[in-house]
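A.B. asks: Next up is a structure, given as structure tokens.
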Amino acid sequence: MSDENAGQPDPNLDAAQGPGGAPMMMVNAQYVKDLSFENPNAPQSLSQQGEPNVQIAIDVNAEQVADKAFEVSLTLRAEGTAGESQLFIVEIAYAGIFSLGEVPDEYVPPLLYIEAPRQLFPFARAIVADAVRDGGFPPLLMQPVDFMSMYQQRVAQAQAEAGEAPEGGDGGGGNGGDDKQKFEFEL
């Protein structure tokens, strides 16, 4: 396998480093933007037997806050139920400020919608697990999320919608400056 890639740059290194080995993306701050935990049927819900049914929703947003600086917000919402009974609802918006170095324009959306939430997720997951545990339930241990797959699905969806729209721009799928608009979406 390594022979096939001989002489080609490692895409993982390209995503992490810019010219001269300088980082392409730096984390300047991480913080809880919003946190909510509801235990609507306590104390009865605390005596519930068995594993709850948990539905999880994930959302990623990015907003430019300064030149080459972006706030990326990862929202996790989990609802635990047992039959018809609502056990808990936990929601967190966990954000970070990310500075981008000399990054080609086509790398900006993948960095913001794949790499940034990948870095934020372990912290948000730990806060959710603690909140659920502190609410009287076993900790909610979320599995890692494939942000690349989520991003690729959204890009495909945005391209399909742009292709269906009559005034959808160039429609050719080129890599011109107009493509950046296609990546302004919520995951």
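Residues 1 to 187 (our numbering) are what the sequence shown spells out, left to right. Quick reminder that beta carbons are idealized off the backbone N, C-alpha and C, glycines included. Since we're looking at a predicted model, the values are computed, not measured.
What whole-angstrom Cβ distance do A93 and T81 have, given they're in contact under 8 Å?
C.D. replies: With a Cβ gap of about 22 Å, A93 and T81 do not count as contacting.
A.B. asks: Going by beta carbon distance, what residues of the same chain come within less than 8 Å of N41, once the five residues before and after it are set aside?
C.D. replies: Correct list, in chain order: S85, Q86 and L87.
A.B. asks: In terms of residue numbering, what span does the alpha helix (DSSP H) encompassing I114 cover?
C.D. replies: Careful: I114 lies outside any alpha helix (DSSP H) and carries neither H nor E.
A.B. asks: Do S99 and M148 have their C-beta atoms within less than 9 Å of each other?
C.D. replies: No, Cβ-Cβ distance for S99 and M148 is not below 9 Å.
A.B. asks: Select from E51, G136 and Q157 the residue whose C-alpha is nearest the C-alpha of K83.
C.D. replies: The sequence shown places Gly at residue 83, not Lys. Nearest C-alpha to G83: E51.
A.B. asks: Once DSSP output is grouped into helix, strand and coil, what is the label at A42?
C.D. replies: Residue state, collapsed to three classes: coil.
A.B. asks: Among the residues of its own chain, which have a CB less than 6 Å from the CB of Q55, if the five just before and after it don't count?
C.D. replies: Counting only Cβ-Cβ distances below 6 Å, and skipping sequence neighbours, we find E79.
A.B. asks: In the DSSP assignment, what are the bridge partners of R77?
C.D. replies: Answer by DSSP bridge pairing, in chain order: A57 and E91.
A.B. asks: Based on DSSP bridge pairs, tell me the residues matched to M25.
C.D. replies: In the DSSP output, where bridge partners are listed per residue, M25 has L100.
A.B. asks: So what's E51 in DSSP terms, helix, strand or just coil?
C.D. replies: Three-state DSSP puts E51 in coil, outside helix and strand.
A.B. asks: Here's the rule: buried if 16 or more other CB atoms are within 10 angstroms of the residue's CB, otherwise exposed. What is Y31?
C.D. replies: Y31 comes out exposed.
A.B. asks: Can you tell me whether R125 is buried or exposed, with buried defined as 16 or more other CB within 10 angstroms of its CB?
C.D. replies: R125 comes out buried.
A.B. asks: Out of L140, V108, M142 and Q153, state which residue places its alpha-carbon closest to the alpha-carbon of K68.
C.D. replies: Ranking L140, V108, M142 and Q153 by Cα distance to K68 puts V108 first.
A.B. asks: Quick check on E63: buried or exposed, where buried means 16 or more other Cβ atoms within 10 Å of its Cβ?
C.D. replies: Exposed.
A.B. asks: Identify whether Q86 lies in helix, strand or coil by the three-state DSSP scheme.
C.D. replies: In the structure shown, Q86 sits in a strand (DSSP, three-state: E or B).
A.B. asks: Quick one: residues in its chain with C-beta nearer than 6 Å to the C-beta of L112, no 5 flanking neighbours on either side, listed in chain order?
C.D. replies: The answer, listed in chain order, is A62, F70 and V72.
A.B. asks: Nearest-angstrom Cα distance between P138 and F123?
C.D. replies: If I take the Cα positions, the gap works out to 18 Å.
A.B. asks: Report the rounded CA-to-CA distance for P144 versus Q119, giving the unit in angstroms.
C.D. replies: Answer to the nearest angstrom: the Cα atoms are 11 Å apart.
A.B. asks: Are there 16 or more other CB atoms within 10 angstroms of the CB of G163, so buried, or fewer, so exposed?
C.D. replies: When all chains shown are included, G163 counts as exposed.
A.B. asks: Check this for me: beta carbons of V128 and V90, under 9 Å apart or not?
C.D. replies: Against a cut-off of 9 Å, the Cβ pair of V90 and V128 comes out as a contact.
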